[in-house]
Amino acid sequence: MHYFYGHMQVNYNKTSYEDWLAKSYVKQMSGNQHNRQAATWRKLYLSRAKLKASSSTSALLSGFAMVALVEIQIEEDVSPALLIVFSVCTTLLVSVHLLALMISTCILPNIEAVSNVHNVNAVNESPHEKMNILIQMAWAFSTGLGILLFLTEIVLICWVKFDVKRIGNNKGAAWASTAVVIPVGVIFIIFSFHFYRQLISHKVEQKAKDIEELARLANDIDMNNHNSGGIQIV
């Protein structure tokens with residue numbers, strides 16, 4: 001059978017060309033589907049790692065705070081205002097870490113159950129996408145706010161222990177601990193902002209590459225459809 005494309009005669013079979021076009025389309029769609037599945041699995045593993053880190057960190061720091069609250073020996077001449085600040089900080093510290101621990105404990109088993117299934121499509125059953133806000137909240141409470149509260153707790157413990165008459169109101173030791181913790185806290189905050197800024201920038205670049213890939217794929221499909229429509233039977 002003879003075909004003409006413009007003024008040129010082409011001696012190939014229509015069915016074979018259509019088969020090739022269909023196979024190309026299926027191949028491209030399959031590759032795109034594979035990339036989406038891989039991205040979803042990466043998000044699942046990242047969510048699982050965040051929950052594990054949040055769980056272990058929160059359990060450790062909240063345990064330290066509870067031990068400090070129970071074991072510390074408070075003198076009679078400690079300032080009441082200092083005791084109020086210390087009790088509020090300790091309560092906030094334990095509450096924040098226990099909240100992060102509770103979120104991790106509730107969500108992590110559901111993600112672990114899906115990640116242990118050897119099936120590519122099993123990722124769709126994981127709740128990590130719908131509960132992403134809770135996962136990010138647990139991560140922020142455990143590694144962000146919780147650590148800042150823990151640093152504050154260290155300073156307050158030093159003031160409660162050293163600013164008493166029994167040891168001569170040794171404010172120098174308390175001020176020394178404060179002078180050490182403040183730069184550490186500032187460095188921690190700067191690192192956190194820089195880290196999340198770089199992370200967001202990386203995600204934006206990855207999304208831009210994905211959009212470019214989809215645009216290129218749509219372009220190729222349009223060109224294939226245009227070439228297919230330009231073939232006429234005589």
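When we follow full-length UniProt numbering, the leftmost residue of the sequence shown carries the number 1, and every step to the right adds one.
Glycine residues also receive a C-beta, built at the ideal position from the N, C-alpha and C atoms.
In this structure, S62 lies near L98, with their beta-carbon atoms less than 8 Å apart.
Separation of L93 and D222 (C-alpha to C-alpha, rounded to the nearest whole angstrom) is 58 Å.
L99: member of the alpha helix (DSSP H) spanning 80 to 115, first to last residue. Within the same chain, Cβ atoms closer than 6 Å to the Cβ of F162 are found at N170, A173, A174, the five residues on either side in sequence being excluded. Contact annotation: R197 and I111 have beta-carbon atoms that are not nearer than 8 Å.
In this structure L51 does not touch I133 by the C-beta definition: roughly 13 Å separates them, more than the 8 Å allowed.
Residue environment for M102: exposed (fewer than 16 other C-beta atoms within 10 angstroms of its C-beta).
It is roughly 11 Å from the alpha-carbon of L214 to the alpha-carbon of K207. Taking the CA atoms as reference points, E71 sits about 40 Å from L199. Ranking E129, F150, T105, E125 by CA distance to the CA of V114 puts E125 first.
Non-local beta-carbon contacts of T143 in its own chain, meaning distances under 8 Å to residues more than five positions away in sequence, involve A53, S54, T57 in chain order. Here Q73 carries a coil assignment [DSSP, helix/strand/coil]. In chain order, A173, A174, S177 place their CB closer than 7 Å to the CB of C158, counting only its own chain and leaving out the 5 sequence neighbours on each side. For the 8 Å CB-CB criterion, G185 and L149 do not form a contact. Under the DSSP assignment, E153 falls in the alpha helix (DSSP H) whose first and last residues are 146 to 162.
Per DSSP, the continuous alpha helix (DSSP H) segment holding N132 begins and ends at 132 to 140.
Straight across, the Cα-Cα distance linking F191 with N224 is about 49 Å.
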